[in-house]
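Below is one structure, written out as structure tokens; the observations come after it.
Number of protein chains: 2
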Amino acid sequence: MRLLTTIYDVATRAGVSAATVSRVLNGSDSVAPDLARRVRDAVAELDYRPNGVARNLRRRATRVWGLIISDIGNPFFTALVRGVEDAAHEAGYSLVLCNSDEILEKEQSYIQVAVDEQMAGVILTPSSEADSDLTPLLERGIPVVAVDRRLDRHDVDTVVGDNVRGALLATQHLIASGCRRIACITGPTKTTTAQERLHGYRQALTREGIDVDEGLVMIENFKEDGGYAGATGLLDLDERPDGLFVANNLMTVGALEALVDRGVEVPRDLLIVGFDDIPWAKLTRPRLTTVDQPTYQMGKDAGTLLAGRLGGNTGPARTIMLSPTLQVRESSVRS
Amino acid sequence: MRLLTTIYDVATRAGVSAATVSRVLNGSDSVAPDLARRVRDAVAELDYRPNGVARNLRRRATRVWGLIISDIGNPFFTALVRGVEDAAHEAGYSLVLCNSDEILEKEQSYIQVAVDEQMAGVILTPSSEADSDLTPLLERGIPVVAVDRRLDRHDVDTVVGDNVRGALLATQHLIASGCRRIACITGPTKTTTAQERLHGYRQALTREGIDVDEGLVMIENFKEDGGYAGATGLLDLDERPDGLFVANNLMTVGALEALVDRGVEVPRDLLIVGFDDIPWAKLTRPRLTTVDQPTYQMGKDAGTLLAGRLGGNTGPARTIMLSPTLQVRESSVRS
DNA sequence: CCGAGATGAGTAATCGATTTCACGCAAGTT
DNA sequence: AACTTGCGTGAAATCGATTACTCATCTCGG
Numbered sequence: 128m129r130l131l132t133t134i135y136d137v138a139t140r141a142g143v144s145a146a147t148v149s150r151v152l153n154g155s156d157s158v159a160p161d162l163a164r165r166v167r168d169a170v171a172e173l174d175y176r177p178n179g180v181a182r183n184l185r186r187r188a189t190r191v192w193g194l195i196i197s198d199i200g201n202p203f204f205t206a207l208v209r210g211v212e213d214a215a216h217e218a219g220y221s222l223v224l225c226n227s228d229e230i231l232e233k234e235q236s237y238i239q240v241a242v243d244e245q246m247a248g249v250i251l252t253p254s255s256e257a258d259s260d261l262t263p264l265l266e267r268g269i270p271v272v273a274v275d276r277r278l279d280r281h282d283v284d285t286v287v288g289d290n291v292r293g294a295l296l297a298t299q300h301l302i303a304s305g306c307r308r309i310a311c312i313t314g315p316t317k318t319t320t321a322q323e324r325l326h327g328y329r330q331a332l333t334r335e336g337i338d339v340d341e342g343l344v345m346i347e348n349f350k351e352d353g354g355y356a357g358a359t360g361l362l363d364l365d366e367r368p369d370g371l372f373v374a375n376n377l378m379t380v381g382a383l384e385a386l387v388d389r390g391v392e393v394p395r396d397l398l399i400v401g402f403d404d405i406p407w408a409k410l411t412r413p414r415l416t417t418v419d420q421p422t423y424q425m426g427k428d429a430g431t432l433l434a435g436r437l438g439g440n441t442g443p444a445r446t447i448m449l450s451p452t453l454q455v456r457e458s459s460v461r462s
Numbered sequence: 128m129r130l131l132t133t134i135y136d137v138a139t140r141a142g143v144s145a146a147t148v149s150r151v152l153n154g155s156d157s158v159a160p161d162l163a164r165r166v167r168d169a170v171a172e173l174d175y176r177p178n179g180v181a182r183n184l185r186r187r188a189t190r191v192w193g194l195i196i197s198d199i200g201n202p203f204f205t206a207l208v209r210g211v212e213d214a215a216h217e218a219g220y221s222l223v224l225c226n227s228d229e230i231l232e233k234e235q236s237y238i239q240v241a242v243d244e245q246m247a248g249v250i251l252t253p254s255s256e257a258d259s260d261l262t263p264l265l266e267r268g269i270p271v272v273a274v275d276r277r278l279d280r281h282d283v284d285t286v287v288g289d290n291v292r293g294a295l296l297a298t299q300h301l302i303a304s305g306c307r308r309i310a311c312i313t314g315p316t317k318t319t320t321a322q323e324r325l326h327g328y329r330q331a332l333t334r335e336g337i338d339v340d341e342g343l344v345m346i347e348n349f350k351e352d353g354g355y356a357g358a359t360g361l362l363d364l365d366e367r368p369d370g371l372f373v374a375n376n377l378m379t380v381g382a383l384e385a386l387v388d389r390g391v392e393v394p395r396d397l398l399i400v401g402f403d404d405i406p407w408a409k410l411t412r413p414r415l416t417t418v419d420q421p422t423y424q425m426g427k428d429a430g431t432l433l434a435g436r437l438g439g440n441t442g443p444a445r446t447i448m449l450s451p452t453l454q455v456r457e458s459s460v461r462s
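Protein chains in written order, with my numbering: chain W, 128 to 462; chain D, 128 to 462.
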């Protein structure tokens, strides 16, 4: 049983060779108008569609991007995926989605899949600044774009938020709101995001002439339970903070839960600013002040960079840094 | 410049034929131990990895699933994607993610891509019960699973939530909480989800001997602005409702915003129950009572069904219906 | 000791499109 | 008229793996 009509069926029907059919379909070489017409008719009559796999084999390239992200369950990445998806669609590529779960091995395994399937390019949020290994891709000339987090080992196109600036804005705002003992909960320092946000926090304090108290800095795991643990630790201090900067969205949720459990009321007892917008921000009480990143735009830009590479751009690696904006809501304003 | 090592390079190095290398790698036919060993050594020495594209062409099948969903930006689908992703990974497939944006044409175009790329199977949330056309897939024997929404035209494996039951639970709960004038905001009736949820709402009222007032039923667009419009319309009625059942998550958010804007306080003035859990439910005020669907499980089950078909199951189409659970929180409890 | 059957491995066909190469024919040059 | 030049077209090679087929060798029963 023959299910698929091939280019030869079309050729036979049009009374030409397969080569001519291919030429008509790809429009590069010139073909006599009447032949082209016959080919097009035959294509229409047979409802012919080229076999993408065969084409990929011959062309030694696919029209697919691999997108390897840490966790599709984290809403932060959702908008990012959306941005990449749109850019891919515009440039005529499809997207293969892969979840690394922040696990280096899974990341590596997906990188191998990308190589095996000869994907056109890869966009990833590196699970580790130092250890993520892109060699298999780069040595085969597959372009890579890092997004959200930087990479140490490889010099590739990168799209990140201005984390230092975001943290600076957040902390300055807390100071302006009257806080003097400001704590910070940040993530594992092996990620550039955690490092940079901590740096911005320190910078703000220094600029305003406030001593950095290292006891007020909590390094946690970037997840909900990390935020909970961090906030709990801070509340156990002899001298509690009066302001809190939390360096990512999930940790902010955890921290707020800890505050509720301990009966600490925001913003009465403590002002708080989070990082990355959370969905339904309008519905939370207190409404959260956050440092919003243009997440969708980050994805879109990453996609555009990749499309540029695939379009032949061989210039030096480029880093795009997007500015975050501070969304002041209730949680950081004294009532 | 030769970038890729092929099966012939391995064969040469091991002193055997390409066929033997293939046999060793695929493990089906038996090969003499010493040859197998030499092949494996050569593979290791050359760091050989088979070209997936060539393999796909020859096998006339890929190890890829297409997942066509309405909107990756809607958090409802995020957990679903996650479930599918896990099932795919377990069964040894990768996932190509496609956003249809609820647009039929985009959906059709992605279906064609799935055919062209000879994807192994497709999972989709049909953009329309009546109009989504799976013919191109089915006539080529590509198995399809519908998830979240049913399909009219084709008899395929399906995974849905028990929408009638969910709506019934929600409405009964409102009645039990003392409401007598209960309104409903639901989505476009061309989707099965909207229909069924409306049905469950009516069923609950009838069972409890309450007349259904069609003026209290708002048909909106399943998005935030739809919820806002619906709630506004209800508040403009001469006789306002004292209970509200909203048939999806985004609309619930919109409705709540309308209530805030109109100064209607929940749960003092109005009790409300939403459909589908929303992230950060713990942080919203009032905490929302919702009908939670096991979204992750829906995705996982859909993936398992697809894997089953690919494993050779040729039985009749199966529909899996998952029960939702009512999460009672503050918004539906009189204070 | 011979022939049937099993086994293992190589040769070559195959998947379906793209692309190189060569050929035939028409137009342009001297 | 002979000779290049160029264009359009088809035949065949190619991409890299899988697999049907073939053949040589080995085993075992009669």
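Just so you know, even glycine gets a beta-carbon here, dropped at the ideal spot from N, CA and C. Bear in mind the structure is a predicted one, so any value in this text is a computation, not a measurement.
Assignment of isoleucine 196 of chain D by DSSP, reduced to helix, strand and coil, places it in the strand class.
When Cβ-Cβ separations below 7 Å define contact, threonine 316 of chain D makes no contact with chain W.
For valine 344 of chain D, the closest alpha carbon among the candidates D:Leu131, D:Leu152, D:Leu371 is that of D:Leu371. The stretch 338 to 376 of chain D contains, as complete alpha helix (DSSP H) runs of 4+ residues, the segments 351 to 362 (chain order).
Under the Cβ criterion (8 Å, minimum of three pairs), the stretch 219 to 228 of chain D counts as touching the stretch 184 to 197 of chain D. The continuous stretches of beta strand (DSSP E) do not include asparagine 290 of chain W, which lies in the alpha helix (DSSP H) extending over residues 290 to 303. By the neighbour-count definition (other C-beta atoms within 10 Å, threshold 16), glutamate 244 of chain W is a buried residue. Looking at the DSSP output, phenylalanine 402 of chain D sits in a beta bridge with D:Val418. Among the residues facing chain W, alanine 171 of chain D is not included, as its CB has no counterpart in that chain under 7 Å away.
For aspartate 403 of chain D, the closest alpha carbon among the candidates D:Leu383, D:Met425, D:Asn375 is that of D:Asn375.
Here DSSP, grouped into helix, strand and coil, assigns threonine 205 of chain W to helix. Rounded to whole angstroms, alanine 382 of chain W and valine 208 of chain W show a C-alpha spacing of 26 Å.
When the five nearest sequence neighbours on each side are left out, the beta carbons in the same chain lying within less than 8 Å of the beta carbon of tyrosine 355 of chain D are those of Gly381, Ala382, Glu384, Ala385, in order along the chain. The CB of lysine 350 of chain W never comes closer than 7 Å to any CB in chain D; the least such distance is about 14 Å. By the Cβ criterion, the stretch 453 to 461 of chain D is in contact with the stretch 406 to 417 of chain D, since at least three pairs of Cβ atoms, one from each stretch, lie closer than 8 Å. Excluding five sequence positions before and after aspartate 279 of chain D, the CB atoms of its chain that fall closer than 7 Å to its own CB belong to Glu256, Ala257, given in chain order. The C-alpha of cysteine 311 of chain D lies about 44 Å from the C-alpha of leucine 362 of chain W. Between the stretch 386 to 401 of chain W and the stretch 175 to 191 of chain W, the count of Cβ pairs shorter than 8 Å is below three; the stretches do not touch. By DSSP's assignment, serine 221 of chain D forms a beta bridge with D:Val191. Of all alpha-carbon atoms in W:Ile302, W:Lys350, W:Gly342, W:Leu295, the one lying nearest the alpha-carbon of histidine 326 of chain W is that of W:Leu295. For threonine 452 of chain W, the enclosing beta strand (DSSP E) starts and ends at 452 to 454. For the C-beta of threonine 411 of chain W, the chain D residues within less than 8 Å are, from N- to C-terminus, Trp407, Leu410, Thr411, Arg412.
A Cβ-Cβ contact shorter than 7 Å links valine 274 of chain D with isoleucine 250 of chain D.
With the rule of 3 Cβ pairs closer than 8 Å, the stretch 228 to 235 of chain D does not count as touching the stretch 437 to 457 of chain D. In the three-state DSSP reduction, asparagine 178 of chain W falls in the coil class, being neither helix nor strand.
Cα atoms of arginine 267 of chain W and alanine 247 of chain W: separation of roughly 11 Å, rounded to the nearest angstrom. Taking 7 Å as the cut-off, the beta carbon of glycine 430 of chain W is found closer than this to the beta carbon of valine 211 of chain W. Close to aspartate 243 of chain D, with beta-carbon spacing below 8 Å, are these residues of chain W in chain order: Arg176, Pro177, Asn178, Gly179. Under the Cβ distance rule, arginine 209 of chain D counts among the residues neighbouring chain W, one pair being separated by less than 7 Å. Rounded to whole angstroms, aspartate 369 of chain D and proline 315 of chain D show a C-alpha spacing of 24 Å. From the listed residues D:Ser144, D:Tyr220, D:Val242, D:Val240, the smallest Cα separation to serine 236 of chain W is found for D:Tyr220. If you check the CB distance, alanine 159 of chain W and valine 137 of chain W do not come in under 7 Å.
Around the beta carbon of glutamate 172 of chain D, fewer than 16 other beta carbons sit within 10 angstroms, so the residue counts as exposed.
Among the residues facing chain W, isoleucine 196 of chain D is not included, as its CB has no counterpart in that chain under 7 Å away.
The closest CA to that of glycine 390 of chain W, considering only W:Ile405, W:Gly401, W:Thr359, W:Thr298, is found on W:Thr359.
Per DSSP, the continuous alpha helix (DSSP H) segment holding glycine 327 of chain D begins and ends at 319 to 334.
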